[in-house]
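Following UniProt numbering from start to finish, the sequence shown increments by one per residue and tops out at 332.
For each residue, glycine too, the CB sits at the ideal point set by N, CA and C.
Model, not experiment: these values are computed from the prediction.
Structure, as structure tokens:
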Amino acid sequence: MSKLLVTGGAGFIGSNFVHYAVANADHDVVVLDKLTYAGDRETLAGLPEDRVRLVVGDIADPEVVDALVADADAVVHYAAESHNDNSLSDPSPFVHTNLIGTFTLLEAARKHGTRFHHISTDEVYGDLELDDPAKFTPETPYNPSSPYSSTKAGSDLLVRAWVRSFGLEATISNCSNNYGPRQHVEKFIPRQITNVIDGVRPRLYGAGENVRDWIHADDHSSAVLRILESGRIGETYLIGAEGERSNLEVVQAILRLMGQEPDAFDHVKDRPGHDMRYAIDATKLREELGWAPAFTDFEAGLASTIDWYRANEPWWRKQKAEAEAKYAQAGH
Numbered sequence: 001m002s003k004l005l006v007t008g009g010a011g012f013i014g015s016n017f018v019h020y021a022v023a024n025a026d027h028d029v030v031v032l033d034k035l036t037y038a039g040d041r042e043t044l045a046g047l048p049e050d051r052v053r054l055v056v057g058d059i060a061d062p063e064v065v066d067a068l069v070a071d072a073d074a075v076v077h078y079a080a081e082s083h084n085d086n087s088l089s090d091p092s093p094f095v096h097t098n099l100i101g102t103f104t105l106l107e108a109a110r111k112h113g114t115r116f117h118h119i120s121t122d123e124v125y126g127d128l129e130l131d132d133p134a135k136f137t138p139e140t141p142y143n144p145s146s147p148y149s150s151t152k153a154g155s156d157l158l159v160r161a162w163v164r165s166f167g168l169e170a171t172i173s174n175c176s177n178n179y180g181p182r183q184h185v186e187k188f189i190p191r192q193i194t195n196v197i198d199g200v201r202p203r204l205y206g207a208g209e210n211v212r213d214w215i216h217a218d219d220h221s222s223a224v225l226r227i228l229e230s231g232r233i234g235e236t237y238l239i240g241a242e243g244e245r246s247n248l249e250v251v252q253a254i255l256r257l258m259g260q261e262p263d264a265f266d267h268v269k270d271r272p273g274h275d276m277r278y279a280i281d282a283t284k285l286r287e288e289l290g291w292a293p294a295f296t297d298f299e300a301g302l303a304s305t306i307d308w309y310r311a312n313e314p315w316w317r318k319q320k321a322e323a324e325a326k327y328a329q330a331g332h
């Protein structure tokens with residue numbers, strides 16, 4: 001599988017995968033990205049032009065998709081609308097991209113017999129109670145709670161149906177929350193980091209008790225490559241690095257690492273339907289495919305992420321102004 005089509009490859013997680021796949025495996029990559037606010041050509045800067053090509057287009061456009069899938073050995077499908085707050089304000093782009101876009105890709109992959117790997121999220125499983133010892137497994141029933149997570153759940157089910165009904169050679173991975181370089185500043189960790197850089201106090205929804213299971217984007221990328229190369233067709237693999245932290249703990253760690261007092265933040269009203277806890281059981285991935293994360297120290301990975309945002313202010317400065325204006329307009 002030397003020729004990969006990576007959808008959403010100019011976004012945060014997708015671009016980190018492209019960088020990782022080029023550096024660590026013998027893959028040439030075509031990136032298909034609509035370049036919405038969450039995609040940026042600069043995420044692909046520094047990659048060899050003879051091995052990485054960007055095509056600007058919509059994954060829901062059959063004509064664009066068909067030709068690219070026909071020329072690929074495998075499709076790695078990252079493209080998605082993925083921000084919960086945005087899905088509450090306007091669900092329609094989430095239906096278009098996450099459902100219609102995935103359907104369009106699946107039909108092209110079925111037509112051309114192309115290997116397909118679908119990137120999903122742990123949010124399709126809903127949430128867990130804070131005192132629940134359980135974690136999500138591939139057998140956990142779906143229970144999405146937002147337009148974002150429900151459309152991602154729907155896209156997962158489409159992939160499963162195309163495997164069963166049409167024999168598509170596909171796999172699925174559901175990953176926990178990613179952090180690392182090149183993440184849009186509307187997201188939780190980079191928003192707090194860039195606020196501190198700007199001398200603005202971080203803001204925390206509610207009491208900050210909500211727990212997320214954090215994984216570095218490079219570890220996500222290495223897991224996806226392992227699944228693509230060795231995963232069993234039709235199987236779902238959960239990707240996690242045992243990185244459970246409350247949002248309060250994450251904010252306090254960012255403040256501490258950036259030389260601030262751990263209470264130098266403000267509480268704001270919680271958002272509707274805010275899931276309490278996510279936790280991934282990656283046993284199947286670890287035991288069946290022999291995968292293990294490289295970033296086992298969350299604070300060390302967080303420190304390197306802070307360093308990246310400090311060193312790459314021109315990359316995020318414009319999107320910061322746009323994101324904060326949007327938040328202000330929405331009353332966040």
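The beta strand (DSSP E) enclosing Asn174, as first and last residue numbers
Within the sequence shown, the letter at position 174 stands for residue 174. Element bounds for Asn174: Ala170 to Cys175.
Label Pro272 either buried or exposed according to how many other C-beta atoms from any shown protein chain fall within 10 Å of its C-beta, with 16 as the threshold for buried.
Within the sequence shown, numbered from 1, the residue matching residue 272 stands at position 272. Result: exposed.
Start-to-end residues for the beta strand (DSSP E) that takes in Glu244
Position 244 of the sequence shown, counting from 1, holds the residue named residue 244. Note, Glu244: beta strand (DSSP E), Glu244 to Ser246.
Go through its chain and collect everything with a Cβ distance to Gln183's Cβ below 6 Å, but skip five positions before and after it.
Here residue 183 corresponds to residue number 183 of the sequence shown, with the count starting at 1. Closer than 6 Å at the Cβ level, and outside the excluded window around Gln183, lie Phe12 and Pro190.
Suppose only complete runs of 4+ residues qualify. What are the alpha helix (DSSP H) ranges in the stretch 110-172, listed by chain order?
147-166
Alpha carbon to alpha carbon, how far is Val163 from His274?
As a position in the sequence shown, residue 163 is number 163, starting the count at 1. As a position in the sequence shown, residue 274 is number 274, starting the count at 1. Their backbone Cα atoms lie some 32 Å apart in a straight line.
Taking the straight line between their C-alpha atoms, what separation do you get for Asp297 and Tyr205?
In the sequence shown, counting from the first residue as 1, residue 297 sits at position 297. In the sequence shown, counting from the first residue as 1, residue 205 sits at position 205. The alpha-carbon atoms of Asp297 and Tyr205 are separated by roughly 25 Å.
Rounded to a whole number of angstroms, what is the C-alpha to C-alpha distance between Gly101 and Gly167?
In the sequence shown, the residue the question calls residue 101 occupies position 101. In the sequence shown, the residue the question calls residue 167 occupies position 167. Distance between the alpha carbons of Gly101 and Gly167 is about 20 Å.
In the DSSP output, which residue or residues are listed as bridge partners for Val196?
Residue mapping note: residue 196 aligns to position 196 of the sequence shown, counting from 1. In the DSSP output, where bridge partners are listed per residue, Val196 has none listed.
Decide yes or no for the touch test of the stretch 274-286 against the stretch 115-127: beta carbon pairs closer than 8 Å, at least 3 of them.
yes
Sub-7 Å separation of Pro91 and Pro147 beta-carbons
Indexing the sequence shown from 1 puts residue 91 at position 91. Indexing the sequence shown from 1 puts residue 147 at position 147. Yes; because the gap between Cβ atoms is below 7 Å, this pair is in contact.
For Gly290 and Lys326, the rounded distance between their alpha carbons:
For the purposes of this step, residue 326 is taken as residue 326 along the sequence shown, with counting starting at 1. For the purposes of this step, residue 290 is taken as residue 290 along the sequence shown, with counting starting at 1. About 43 Å.
Considering only the beta carbon of each residue, do Val76 and Val6 sit closer than 7 Å?
Along the sequence shown, read from residue 1 onward, the residue named residue 76 stands at position 76. Along the sequence shown, read from residue 1 onward, the residue named residue 6 stands at position 6. Going by C-beta atoms, Val76 is nearer than 7 Å to Val6.
Report the option in Glu244, His117, Asn247 and Asn178 whose CA atom is closest to the CA atom of Ser230.
As a working mapping, residue 230 is identified with position 230 in the sequence shown. Looking at the Cα atoms, His117 is the closest of the given residues.
Give, in chain order, every unbroken run of the alpha helix (DSSP H) that is at least 4 residues long and sits entirely within the stretch 245-275.
247-257
Every unbroken beta strand (DSSP E) inside the stretch 42-102 [3 residues or more]
52-56 and 74-77
Could you say which of Asn195, Arg245 and Arg201 lies nearest to Asn210 if we only look at CA atoms?
Along the sequence shown, one-based indexing puts residue 210 at 210. Ranking the options by Cα distance to Asn210, first place goes to Arg245.
Let me confirm a value: Gly199 is counted as buried when at least 16 other C-beta atoms fall within 10 Å, else exposed. Which label applies?
To locate residue 199, count along the sequence shown from 1; it is residue 199. Gly199 comes out exposed.
As an exercise, report each continuous alpha helix (DSSP H) stretch of at least 4 residues that is fully enclosed by the stretch 265-328, in chain order.
283-289 and 298-311
Range covered by the alpha helix (DSSP H) that runs through His220:
For this step, residue 220 is matched to residue 220 along the sequence shown. Segment Ala217 to Ser230, the alpha helix (DSSP H) holding His220.
Using a Cβ-Cβ cut-off of 7 Å (strictly less than) and excluding sequence neighbours within five positions of Val65, which residues of its own chain qualify?
Residue numbering aside, residue 65 sits at position 65 when the sequence shown is read from its first letter. The residues are Ile59, Thr104, Leu105 and Ala108.
In this structure, how does DSSP classify Thr7 when only helix, strand and coil are distinguished?
Here residue 7 is taken as the residue at index 7 of the sequence shown, counted from 1. Correct three-state label for Thr7: strand.
One question on the structure: do Ser15 and Thr43 come within less than 7 Å of each other, judged by their Cβ atoms?
In the sequence shown, residue 15 corresponds to position 15, counting from 1. In the sequence shown, residue 43 corresponds to position 43, counting from 1. Yes; because the gap between Cβ atoms is below 7 Å, this pair is in contact.
Once the 5 residues before and after His93 are set aside, which same chain residues still bring their CB inside 6 Å of it?
To locate residue 93, count along the sequence shown from 1; it is residue 93. Note on residue identity: the sequence assigns Pro, not His, to residue 93. Within the same chain, Pro93 has close Cβ partners Glu81.
Express the C-alpha separation of Arg160 and Thr151 in angstroms, rounding to a whole number.
Your numbering for residue 151 matches position 151 in the sequence shown. Your numbering for residue 160 matches position 160 in the sequence shown. Roughly 14 Å separates the two Cα atoms.
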